[in-house]
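Reviewing the structure listed below.
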Amino acid sequence: MKSKKAEVEKSVFPINDNLRNIISPSGISYNSTHTEVGENYGKIYAITRYNPYRDYGWLAPLCNIEGTATTIEYRRTDPGKLIEIFNRSINEKKGEQGSLKNESDKQINQQEINDLKKMIERLAVQHEPVGYVNIMLHVQSDTVKGLNDRIKRVSSVVAVNGCNMTLLKKRQGQALRAIAPYGIPIADAEKIGQRNMPVATFFGGFPMAAPGINDEYGYYLGKTKDNHVVILDMWKRDADRVNSNWFITGIPGVGKSTFLKNLFTCEFAYGTRIIIFDPEEEYKDLTKHPDINGDIINASGGERGRINPLQIRKAAVVRKEDLDEGELFSDFYDYGEADTTSDMALYIQQLKTFFKLYFGKEEFTAGISATLEQNLIELYNEKNIHWDTDITTLKNTDYPIVSELYEKIKKKSEDPELSAYKRDNYEKLVDLLFSAGQGADSFLWNGPTTLESDADFVDLVISSLLEADDRVKRAQFYNIITWAWNELSKDRQQKVLFGVDEGYLVVDPDYPDLMKYIRNMSKRLRKYEGGLMFITHSVVDVLDPAVKRFGQAIIDSACYKFIMGTDGKNLKETQDLFTLSEKEVRILERKRRGQGILFAGSVRLTLDVDVCDKKLAMFGKAGGR
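Here the working numbering = 1-based position in the sequence shown + 241.
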């Protein structure tokens, strides 16, 4: 007859002896220097020093050491008591300064004083909760030699992460009871390792705070500093990932081009349409690769690159539902609320901006603006285009061209019945429009639009435009960007990315109109399954006081940010803008190629970009790889 015990064991799945030994070891013993739990030898250590420059996820390396059980305790405490302790410490260190002879010791002493002052500010001014953290490591192995070898490895991991660990001599039994699942913390064992720490620092360091990104429908971008993979889906939507906009910055040579080309190829493979504003011809090799077979268009005046500025296109209209708290329509539009549904009415406002950029703001007076608007309306009406016309039914050749506008205004300027004021405006307009209508700039704009492409990868090359006159350059940049918006918004089912590379080119403190338009695009793109990628060398340019409210909005609206190596004034601005830790600052200071700080919604991590050789071969050499 089978025993009752045998029947029970047979009725369930096989017993895992290793697991049983962990839950209920055969025996537990200890002495002053080590423990024995079942068949494992061990030693318990306390972390007694922490890296002062703790980064997000800083606890992860301490919690993922092979053969080591990590116990973490955090207890809230009275901030007033800590402030008293910090003040005493500051006074003591100030008293030590006079006896320090080495400059390095003086600097360390001063840094410690500054750190204590910062902590007091966080507690007294910012009212940040604070507590004591205590971390103990139970290193174990099934042999004494294996234990000693493992302790060496653990010590190395702890040291690399800027921490110290101390063996709890004569307290192994107390420590073992404290870390046991049933255990109650014992002050005598813990006081050796307990250190004060703000709540935000503690929880920000928790191993699960930012281990990596593993989106279900994403693609591989690289690894974190803790070797966690980053598999990103920029179209994922949740509480803090509400759009697909990017802001990418870093000095030349740190790998922005490689990162971008990798993003573009991955998105292309997933069916996303790519349009790139390419000032330096960096994307030509990738675009013409057989696996991409994209369309390279010279938007600086090439045969296929003309954009008729008088062709009505959809405007990047910001509606009431797009406004954030505190924002007004006046923040977006110079000409009143954009509450009209008339494409023609909205586009005439865009045309005013185009001509202001081209003429210069000094020349674009109220009289010039009114005269231009009147004649534009008349010209459209003569082409049978009215306020309520459905522009989707029109062909490129149905629209007026600049030479027709020039001739119309020139003819009116010769009317002897014009008042002196109107004649003056008309004659000025004739002079201002001549180059665009008949002169040297007419190759850019005088004719029906020829820039059309159904390709899924469109490279808008504008390199030859960089040497043009500033007024021509900024007007054509605006022309290209408004064309791009039309492409982005015409099909709400098609995912489209628009990359503005060398973003500093559209940052003009005297003419913030380009930045304003891009800001408006960033607000609206999520409604159209679109994403804006703004790439620049420096945040300093974007945050120039004249354009800051637009540049700041472009940065803030981007759910994804990749901050790569930088230095100097830009590093300081970047640190302040993104509230970087000292450790993150050092990462950027190193300017290591392919490394940067990645923001994805609320997730924040160090990313080492990883691109396979096959992809690198596709990218070409322009802009680096």
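All C-beta atoms in this analysis are idealised placements derived from N, C-alpha and C, irrespective of residue type, glycine included.
ask   = Grouping DSSP H, G and I as helix and E and B as strand, with all else coil, what is residue 381?
value = strand
ask   = In terms of alpha-carbon separation, which member of 456, 476, 622, 673 lies closest to residue 735?
value = 476
query = Any chance the segment 340 to 355 sits against the segment 265 to 284, with 3 or more Cβ pairs inside 8 Å?
reply = no
ask   = What is the C-beta distance between residue 752 and residue 790, in whole angstroms, given that I count them as a contact (C-beta under 8 Å)?
value = So it is not a contact: roughly 15 Å between Cβ atoms.
query = Where do the ends of the beta strand (DSSP E) carrying residue 460 lie?
reply = 460 to 465
query = Using CA coordinates, which residue listed in 625, 494, 328 is at the minimum distance from residue 831?
reply = 494
ask   = Hey, out of 710, 750, 755, 695, whose CA is closest to residue 721's CA?
value = 755
query = Going by C-alpha distance, which of 539, 807, 660 is nearest residue 705?
reply = The option with the nearest alpha carbon to residue 705 is 539.
ask   = Would you report the Cα separation of residue 822 and residue 806, rounded to the nearest angstrom?
value = 14 Å
message = If distances are taken between C-alpha atoms only, which option among 690, 719, 696, 695 comes closest to residue 703?
response = 719
query = Quick one: Cα of residue 551 to Cα of residue 813, how far?
reply = 44 Å
message = I believe residue 794 touches residue 750 by the beta-carbon criterion, under 8 Å. Please report the beta-carbon distance rounded to the nearest angstrom.
response = With 8 Å as the limit, residue 794 and residue 750 do not qualify as a contact, their Cβ atoms being about 16 Å apart.
request  = Tell me, please, whether the segment 641 to 650 touches the segment 613 to 624 by the rule of three or more beta-carbon pairs shorter than 8 Å.
outcome  = yes
ask   = Quick one: what does DSSP say residue 545 is sitting in, helix, strand or coil?
value = coil
key: Sequence-distant residues of its chain with Cβ nearer than 6 Å to residue 842 (five each side left out)   = 481, 482, 800
key: Contact between the segment 406 to 421 and the segment 368 to 383 (3+ Cβ pairs under 8 Å)   = Enough Cβ pairs lie closer than 8 Å, so yes.
Which residues DSSP lists as bridging residue 729, in chain order = Beta-bridge pairing by DSSP links residue 729 to no other residue.
inquiry  = For a test of the three-state rule: what should DSSP assign to residue 791, helix, strand or coil?
reply    = helix
ask   = Got a sec, what are the start and stop residues for the alpha helix (DSSP H) residue 508 sits in?
value = 497 to 510
Identity of the residue in 738, 464, 457 nearest residue 767 by Cα = 738
message = Taking the alpha-carbon of residue 415 as reference, which of 274, 638, 508, 292 has the nearest alpha-carbon?
response = 274
ask   = Once you ignore the five residues that flank residue 692 on each side, which residues in its own chain have a CB closer than 7 Å to its CB?
value = 538, 540, 545, 546, 547, 548, 724
ask   = Per DSSP, which one or two residues make a beta bridge with residue 520?
value = None; residue 520 has no bridge partner.
ask   = From what residue to what residue does the beta strand (DSSP E) around residue 836 run?
value = Residue 836 -> beta strand (DSSP E) spans 836 to 841.
query = If you check the beta carbons only, do residue 783 and residue 796 fall under 8 Å apart?
reply = The answer is yes: Cβ separation under 8 Å.
request  = In the DSSP assignment, find the alpha helix (DSSP H) that holds residue 600 and state where it starts and stops.
outcome  = 584 to 600
inquiry  = Cutting at 6 Å between CB atoms, please list the residues of its own chain near residue 400, excluding the five before and the five after it.
reply    = Answer for residue 400: no residue qualifies.
query = Do you know whose CA, among 437, 300, 291, 314, lies nearest residue 363's CA?
reply = 437
ask   = Span of the beta strand (DSSP E) holding residue 693?
value = No beta strand (DSSP E) holds residue 693; DSSP gives it neither H nor E.
message = In this structure, how does DSSP classify residue 833 when only helix, strand and coil are distinguished?
response = coil
query = Is the distance from the Cβ of residue 533 to the Cβ of residue 588 below 8 Å?
reply = Not closer than 8 Å, so no.
query = With burial defined as no fewer than 16 other Cβ atoms inside 10 Å of the residue's Cβ, what is the status of residue 316: buried or exposed?
reply = With fewer than 16 other Cβ atoms within 10 Å, it is exposed.
query = Is residue 761 buried or exposed, if buried means 16 or more other CB atoms sit within 10 Å of its CB?
reply = buried
ask   = Between the C-alpha atoms of residue 337 and residue 354, what's the straight-line distance to the nearest angstrom?
value = 11 Å
inquiry  = Quick test of your reading: residue 309 and residue 395, contact by CB under 8 Å. State the CB separation rounded to the nearest angstrom.
reply    = Indeed they touch by this definition, with Cβ atoms about 6 Å apart.
ask   = Rounded to whole angstroms, how far is the Cβ of residue 491 from the Cβ of residue 473, which I believe are closer than 8 Å?
value = Not confirmed; about 18 Å, so no contact.
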